[in-house]
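Residue numbers (our numbering): 137 to 1211.
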């Protein structure tokens, strides 16, 4: 850890503390040792993470191996970074991407200026800019990094900064131009490197007493060549795009590995006048080569990818060996060299069997493998091969994979993938001018070409999945029937593929299928399907799965309805093989509250877990909506602690599945044998079923569960008191994705900012009172601290006949304004998107594109709850941002790691630290929450600041008057003088810093410091100093006291009261010492 800390210190030493924030380091290691082989492996990695950067400041990982007492580093990787949290700003400042981004922003601003309504984007941005100035300069840090690697003793270093990258790009461009002039793209480019040229040498006595020299050499040669390289990057005329409408690249790639092992054993004859060595040399050579013609194609219009591989080989591996004897004269430089005390003899080795195998012939992808093995079953039948003649194996000619990736939001009229994609006749005619693997592609056309039929529509597939799994999800909530059957409020992600392998056989191998994941926007129900079908073969697999829960509880209320909460997970799997034919497996998992959980709900709060009592206290204080205890209470009430599952099996089960089930059962018995209670039962009804039950306990905070399994062979296994993570327990409050993220985040969700009208909880869990927030005035709630900003959230407290309410305004990319007002009627929200008013209800959702790119999508939908007000949910997908709003309260969630420490507003900076949370827009830090709230108001109402404040040099709060600024300057000057006095009286401490009495010569006097001065230890030099005034007591050089250096300290103490003889001098004392 010291080496890692030193590496970080070397890179970050020159940065101010407020730039890179606080660092935390983690170290992990894992080792495996084989005692019989006397071989061990150890892997370790360490990460140093900053609270203001998504990119780690330092990463190091390595693998070491040992053979007996010898240890060797196999591989290592390290990286040091700084400033990468603002890499996007750095790219925009360069000449390449700068023009593209600026053109986009210029067009957006030009369109915005054309809006003449009162609530235009330009007006709001101008209003915010005139009201306050955001301090974004401290985040514009130039990115730098150093990447290092070590593989088998070969070290690589790569510094990454502006100057180096520009130089590399220029050299690479010059090299490509030179290569194009000399040989064009058909010229082969080759990279060759010799790796691991290690040699082992050992001298040991043989059985006859003569010295034996053992020498082993293991060089490896790695070669990679590229030939016939062709590329196509299609963009529109007179316009530069980051996303081309077509991209293709193809070429012949030939990676090759040569490995040679040379073993030499020499016996030295020391008798006689001549020195002679008799030896045996064995050489083994292995050759691996994979020449492949590869092509990659992408078409933006159809969202289709194609990967084509045309192997140019049939033999991929060969191995041969030969042995020779030799005799040579040698000279011994020293006859008195020591001989190791242990004896080692040469052991004879069996002659290996030659083998020759062809793999994958049945699938039409034959690969021939030749070599030697000690296993007799791989021996070549020379009679069959030589007498019978060589067989003509059918090798593969082409492997082609075509993918289509879809992201479909089936809401209203936005259904981009409901129609098949076909190119026009003009496009087809233009594409004929390009080679076959450089053309635009469409998944529909490729699928129909290899199968003879059209692919299934994704929207129709979702309907079919919902219909087939209706028996599982319909009993959970009757409202899901209308939602899923009518394709409303459904988000679909899909990957469709077709794989073909052409060979010399008449029928090529064709595999088709898809992966579809669909869910309602409320995440109440999720559907999925995996489909694999081998065309014209009796092999197919199809799996449909569904999960559904009752309505989620209202996120701002702790009282959850006593109605029965439940959830269900079900699946239908169809398997078709040659062995078993058509089979169907079905299963269902029902999640409900356990009896122990129901009884616990009836007890008073004092007998329930601790957070119930704390939640009652927070309710009385008006903090229920933002209380962590109330959040835990809601999660506890929404938990489903009992799970009953049942799997129906067919009469005949595939042998592979039987083997897997038996191995899994035996593994459970072996690992949980202390918790096992096994028995047998007789019940014919469960012959073809697997039944079980999982019950989570409420008594243990860490998570304990009991579960039982009944198998088809009438064996019942019951495991008691098994550790079961709390994050894995199902509930109706968190979705499956949120639970998985909570597991990775040690049980906590992503940072959330919560507002209830009276108080606000920041992303870093600091409560801010809002008494200073005035009615009908706008305040900056959260803002991305970039220039230009990616998003701004503005809030305003209002008053109506129904009580207090809140209005929100969301500005995205300086181009789109979304305004939310309280719902009227109860579940009807009116949302204004720029100049368009849209209505969002539980039955009608909205999908809007706020930017140029297809990923700039936001969705608006209404979540219905069993009790309380229905909530409006706004999700900005590319920013990983969500806003939950019920007219009075709201929550803002951010899951993007790039936003760490890069926010500003009443919700804080989200840096994971609660210190200095009251930081204003200009970087000023306030001690009083009232000043912090007023700093983000868009209207300046005057008034004195309530508490102390501190700002960067030359910056003052806009609320401060001239008298307050003058008073603050005087107070800061007094504080600095006091700190200077304290620094003079207290010694400086730190790593590798020591304190010694300093001696200087002033004229004819020899002076000693009256206190020890901070200097670096031997072997270290100071990289950062601090100038202090130190008193020196001086003696004339002819005085005997100056010679007795051991008594300097006592002499100074005896004369220190004589202030007339003390001289003060400026001295640079060490603050940071590095080797």
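In this text, a Cβ means the ideal position worked out from N, Cα and C, and glycines have one as well. Only a predicted model underlies this, so the values are computations on that prediction, with no experimental measurement involved.
When we look at the beta-carbon of residue i and count the other beta-carbons within 10 Å, is it buried (16 or more) or exposed?
i            : result
residue 1021 : buried
residue 173  : exposed
residue 810  : exposed
residue 1009 : buried
residue 1299 : There is simply no residue 1299 to check, as the chain begins at 137 and stops at 1211 in what is shown.
residue 761  : buried
residue 424  : exposed
residue 519  : Low confidence applies to residue 519: its pLDDT is 36, below 50, so where it sits in the model is not reliable enough to give any reading.
residue 249  : Note that residue 249 scores 47 on pLDDT, short of 50, meaning its location in the model is unreliable; the coordinates nonetheless yield the value given after this. With fewer than 16 Cβ atoms within 10 Å of its Cβ, residue 249 is classed as exposed.
residue 650  : buried
residue 603  : exposed
residue 1046 : buried
residue 1145 : buried
residue 691  : buried
residue 1202 : exposed
Can you tell me the Cα-Cα spacing of residue i and residue j, whole angstroms?
i            : j            : result
residue 659  : residue 1206 : 59 angstroms
residue 575  : residue 432  : 10 angstroms
residue 919  : residue 925  : 7 angstroms
residue 636  : residue 662  : 31 angstroms
residue 949  : residue 593  : 34 angstroms
residue 160  : residue 902  : 21 angstroms
residue 965  : residue 981  : 10 angstroms
residue 1209 : residue 1089 : 28 angstroms
residue 632  : residue 591  : 9 angstroms
residue 382  : residue 578  : 11 angstroms
residue 301  : residue 291  : 20 angstroms
residue 1139 : residue 1049 : 54 angstroms
residue 1158 : residue 909  : 50 angstroms
residue 719  : residue 440  : 33 angstroms
residue 393  : residue 459  : 22 angstroms
residue 892  : residue 1025 : 5 angstroms
residue 859  : residue 806  : 16 angstroms
residue 537  : residue 627  : 26 angstroms
residue 1038 : residue 921  : 6 angstroms
residue 682  : residue 534  : 38 angstroms
residue 853  : residue 794  : 18 angstroms
Under DSSP, the beta strand (DSSP E) around residue i begins and ends at which residues?
i            : result
residue 1146 : Here residue 1146 belongs to no beta strand (DSSP E), and DSSP marks it neither H nor E.
residue 749  : Unbroken run through residue 749 is the alpha helix (DSSP H), 746-756; no beta strand (DSSP E).
residue 1135 : 1135-1138
residue 589  : Here residue 589 belongs to no beta strand (DSSP E), and DSSP marks it neither H nor E.
residue 417  : 412-425
residue 215  : 206-218
residue 1204 : 1198-1210
residue 1067 : From DSSP, residue 1067 is part of no beta strand (DSSP E) but of the alpha helix (DSSP H) over 1065-1071.
Residue i: which of the options sits nearest, CA to CA?
i           : options           : result
residue 933 : 924, 916 and 926  : 916
residue 946 : 391, 295 and 260  : 260
residue 386 : 570, 306 and 290  : 570
residue 354 : 422, 310 and 1015 : 422
residue 461 : 959, 453 and 401  : 401
residue 543 : 533, 653 and 1080 : 653
residue 672 : 750, 889 and 586  : 586
residue 886 : 775, 870 and 896  : 870
Which residue comes first and which comes last in the alpha helix (DSSP H) that contains residue i?
i           : result
residue 769 : 764-773
residue 595 : 594-604
residue 794 : 791-807
residue 913 : That residue, residue 913, is in no alpha helix (DSSP H); it is neither H nor E in DSSP.
Since residue i sits in a beta bridge, which residues does DSSP pair it with?
i            : result
residue 167  : 178
residue 1171 : 1142
residue 1217 : Outside the shown range of the chain (137 to 1211) lies residue 1217, about which nothing can therefore be said.
residue 896  : 891 and 904
residue 295  : 282
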